[in-house]
Amino acid sequence: MQVTVIGTGYVGLVTAIGLADAKHDVVCVDLNKERMEQLAQGIAPITEEGIEEALQKNQSRLTFTTEYPLSDLYLVAVGTPERADGSCDLSAVQAVVKLIHSIQPDAAVVLKSTIPPGTTESLQEMYPSLRFAMVPEFLREGTAIRDMRNPHRVIIGTHDQGLAESLADLFKTNAPIVHVDPTTAELTKYAANSFLAVKISFINEIARLADIVGADVEDVAHGIGLDPRIGPAFLKAGAGYGGSCFPKDIAALTTLAQRQGEHLHVIEAADRTNEAQLEYVLQKIDPRPGLRIALLGLSFKPGTDDLRDAPALRLAERLTKMGVIVTGYDPAAKTLLDQKKTIEEAVAGAEVAVIMTEWDDIKHVTPQQLTANMKTARLIDGRNCWAFVDEPGDVQYEGIGRPGKT
Ligand code: NAD
1 MQVTVIGTGY VGLVTAIGLA DAKHDVVCVD LNKERMEQLA QGIAPITEEG
51 IEEALQKNQS RLTFTTEYPL SDLYLVAVGT PERADGSCDL SAVQAVVKLI
101 HSIQPDAAVV LKSTIPPGTT ESLQEMYPSL RFAMVPEFLR EGTAIRDMRN
151 PHRVIIGTHD QGLAESLADL FKTNAPIVHV DPTTAELTKY AANSFLAVKI
201 SFINEIARLA DIVGADVEDV AHGIGLDPRI GPAFLKAGAG YGGSCFPKDI
251 AALTTLAQRQ GEHLHVIEAA DRTNEAQLEY VLQKIDPRPG LRIALLGLSF
301 KPGTDDLRDA PALRLAERLT KMGVIVTGYD PAAKTLLDQK KTIEEAVAGA
351 EVAVIMTEWD DIKHVTPQQL TANMKTARLI DGRNCWAFVD EPGDVQYEGI
401 GRPGKT
């Protein structure tokens with residue numbers, strides 16, 4: 001089948017590769033000309049494990065262009081960022097659908113972008129000749145290629161039975177396929193992200209209490225995670241979540257609910273706790289003008305160069321405003337910070353190092369590397385990930401909710 005994917009960011013590009021893997025010919029369309037030229041040469045514009053190999057393997061089935069081709073099936077994976085008022089900015093999705101309609105008014109349009117409940121139904125009303133489906137994306141940056149090849153489920157939201165069957169075939173998988181209406185598919189995506197954010201904020205609150213009462217949150221998380229009703233995933237205490245999805249999706253969902261006179265108390269609280277968690281790390285740092293700090297890890301999670309809403313950048317901004325001198329290190333992400341090429345360079349002369357992203361090399365920075373290079377070897381572990389926590393040598397260590405390890 002010839003498929004067109006519009007938007008070649010994390011979701012669009014990985015989806016296109018997945019379809020090419022399954023022997024479909026895929027035309028990828030993006031406004032970003034430079035990105036299309038790079039991709040045509042097999043150069044991945046994002047850091048993702050295995051992406052360059054997958055691109056090169058599928059080069060003969062992938063075409064990259066800025067022009068919309070005629071196609072039977074268009075997959076839409078453009079961005080849906082947060083507006084200043086917290087709501088979801090649908091302008092890119094709307095522009096793309098309008099263009100598709102002008103080229104091929106009876107095409108099938110599959111929305112992969114995260115869009116608020118009700119969006120697909122209103123687009124269907126506006127363009128009755130197009131055939132819509134909403135198929136939310138659940139890949140995780142850092143393991144996107146793996147997730148695309150082994151999804152936990154595929155949710156297909158459409159009223160069009162024929163399209164539902166074609167999509168079940170297109171996204172062929174051993175995972176469960178769940179057929180629902182478009183609004184349910186839309187809400188499923190937001191509910192999934194909100195639930196994960198709630199889990200993180202939950203364990204972060206327990207971590208703050210653990211610091212007060214003298215318990216170890218890592219052991220608490222292990223203990224509760226063994227209960228299959230709770231499960232071990234997303235119970236890692238730390239500096240809080242960020243990234244291109246959780247903050248904006250939570251804002252979009254809570255804003256939508258509020259406009260309907262409904263309050264999503266638990267989800268709103270998860271967001272407030274997340275804000276407070278960064279303040280908590282700030283308190284642990286005890287900043288003062290002139291203090292030298294090294295931030296280890298800048299991307300919002302390991303395995304990606306994505307800096308959108310990264311907690312490390314929010315922390316850097318707060319610290320810089322307080323007159324703190326901040327250096328940074330990240331193996332993939334590029335920022336405007338005073339960023340060094342190695343961990344040693346970043347911590348040289350620093351009085352505090354703060355782990356903000358649990359990249360492998362950062363987890364394994366040795367006590368010797370820290371004591372040799374820092375002015376005072378103080379390490380605040382904003383991800384509770386340091387490999388030498390039980391043998392810290394002369395390093396003054398502090399995690400989140402692990403007072404026994406201080
Ligand atoms: P992204 O910003 O990485 O990519 C979006 C791409 O769309 C960009 O390359 C941009 O140039 C292109 N684009 C924008 N407007 C366009 C237009 N009119 N025509 C053609 N191309 C256009 O975004 P992303 O992270 O891939 O996210 C895309 C959607 O998927 C969002 O709704 C997001 O919430 C959702 N999502 C993202 C993830 C993730 O981990 N990144 C996971 C699940 C769902």
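Per UniProt numbering, the sequence shown starts with residue 1, numbered consecutively. For glycine and all other residues, C-beta sits at the position ideal for the given N, C-alpha and C. Being a predicted model, the structure only gives us computed values, none of them experimental.
As a quick exercise: from VAL110, ARG292, LEU291, LEU170, pick the residue whose alpha carbon is nearest that of MET1.
It is LEU170 whose Cα lies nearest to the Cα of MET1.
Using alpha carbons as the reference points, say which of SER87, GLN94, SER102, LYS57 lies closest to PRO69.
Residue SER102 is the option with its Cα nearest to PRO69.
Have a look at LEU130 and GLY18 and give me their C-alpha separation to the nearest angstrom.
Distance between the alpha carbons of LEU130 and GLY18: 24 angstroms.
Does PHE300 pass the burial test, meaning 16 or more other C-beta atoms within 10 Å, or should it be called exposed?
With 16 or more Cβ atoms within 10 Å of its Cβ, PHE300 is classed as buried.
Roughly how many whole angstroms lie between the Cα atoms of SER166 and LYS340?
So the alpha carbons of these two residues sit roughly 50 angstroms apart.
Between the region 345-365 and the region 214-231, are three or more C-beta pairs nearer than 8 angstroms?
Short answer: they don't touch.
Skipping 5 residues on each side, what residues in its chain have a beta carbon closer than 6 angstroms to that of residue 407?
A question about residue 407 goes unanswered here, because the residues of the chain that appear run from 1 up to 406.
Are the region 282-298 and the region 114-128 touching by the rule of at least three beta carbon pairs closer than 8 angstroms?
Touching, no.
Count the other CB atoms, across all protein chains shown, that sit within 10 Å of the CB of PRO105; report buried if there are 16 or more and exposed otherwise.
Exposed: under 16 other Cβ atoms inside 10 Å.
Contact check, ILE145 vs GLY50 under 8 angstroms by CB: the rounded distance?
Their Cβ separation, rounded to whole angstroms, is 4 angstroms, which keeps ILE145 and GLY50 in contact under 8 angstroms.
Cβ of TYR10 versus every heavy atom of the ligand NAD: is any distance shorter than 8 angstroms?
True, at least one ligand heavy atom lies under 8 angstroms from that Cβ.
Does the beta-carbon distance from GLY242 to ARG314 come in below 9 angstroms?
Their beta carbons are under 9 angstroms apart, which means GLY242 touches ARG314 by this criterion.
Starting from the C-beta of GLU358, find all residues in its chain whose C-beta is less than 6 angstroms away, skip the five residues before and the five after it, and write them out in chain order.
PRO302, ARG383, CYS385.
State the Cα-Cα distance for the pair GLU268 and ILE250, rounded to the nearest angstrom.
Those two C-alpha atoms are separated by around 8 angstroms.
In whole angstroms, give me the CA-to-CA distance for LEU99 and ALA107.
So the two alpha carbons sit approximately 11 angstroms from each other.
Helix, strand or coil, according to DSSP, for ALA294 in the structure here?
It is a strand residue.
Select from ALA185, ASP394, LEU39 the residue whose C-alpha is nearest the C-alpha of GLN368.
It is ASP394 whose Cα lies nearest to the Cα of GLN368.
Would you kindly check if the distance between the Cβ of MET322 and the Cβ of ARG378 is under 9 angstroms?
Going by C-beta atoms, ARG378 is not nearer than 9 angstroms to MET322.
List, from N- to C-terminal side, the alpha helix (DSSP H) runs of 4 residues or more that fit wholly inside the region 173-251.
Whole alpha helix (DSSP H) segments, 4+ residues: 182-213, 217-225.
Tell me the DSSP bridge mates of VAL27?
Answer is THR4, THR63, bridged to VAL27.
Can you give, in chain order, each stretch of the alpha helix (DSSP H) that sits fully within the region 330-405 and has at least 4 residues?
Listed in chain order, they are 343-347, 360-363, 367-373.
Could you tell me the boundaries of the beta strand (DSSP E) in which GLY12 lies?
No beta strand (DSSP E) holds GLY12; the alpha helix (DSSP H) holding it covers 10-21.
Between LEU282, ILE6, THR188, which has its C-alpha nearest MET36's C-alpha?
Closest option to MET36, Cα to Cα, is ILE6.
Would THR119 and LEU73 be called neighbours here (beta carbons separated by less than 9 angstroms)?
It is not a contact, given that the beta carbons lie outside the stated cut-off.
Let me check understanding here. Comparing Cα to Cα, which of HIS263, GLY214, LYS248 lies closest to ASP309?
Comparing Cα positions, the closest option is LYS248.
What does a CB cutoff of less than 8 angstroms around ILE115 pick up in its chain, not counting 5 residues either side in sequence?
Hits under 8 angstroms: THR80, CYS88, LEU90, VAL93, MET134, GLU186.
Nearer than 8 angstroms: is that true of the beta carbon of THR4 relative to any heavy atom of the ligand NAD?
No; taking the cut-off as 8 angstroms, the Cβ of THR4 has no heavy atom of the ligand NAD nearer than that.
Check for me: the beta strand (DSSP E) holding LEU75 runs from which residue to which?
Looking at the DSSP string, the run of the beta strand (DSSP E) that includes LEU75 is 73-76.
Should PRO331 be labelled buried (16 or more other beta-carbon atoms within 10 Å of its own) or exposed?
Looking at its Cβ environment, which holds 16 or more other Cβ atoms inside 10 Å, PRO331 is buried.
Would the beta-carbon of ARG153 fall within 9 angstroms of that of ALA175?
Contact flag set, yes.
Which term fits ARG402, buried or exposed, when burial requires 16 or more other beta carbons within 10 angstroms of its beta carbon?
Looking at its Cβ environment, which holds 16 or more other Cβ atoms inside 10 Å, ARG402 is buried.
Contact check, GLY162 vs ALA77 under 8 angstroms by CB: the rounded distance?
That pair is no contact at about 22 angstroms.
In terms of alpha-carbon separation, which member of LEU278, LEU337, ALA257 lies closest to ALA239?
Answer by Cα proximity: LEU278.
For a test of your reading of the model: does the CB of LYS334 fall under 8 angstroms from any non-hydrogen atom of the ligand NAD? Yes or no.
No.
Helix, strand or coil for ARG140? Go by DSSP, reduced to three states.
Three-state result, ARG140: coil.
Taking the alpha-carbon of GLY297 as reference, which of ILE343, ASP147, LEU253 has the nearest alpha-carbon?
Comparing Cα-Cα distances from GLY297 to each of ILE343, ASP147, LEU253, the minimum goes to ILE343.
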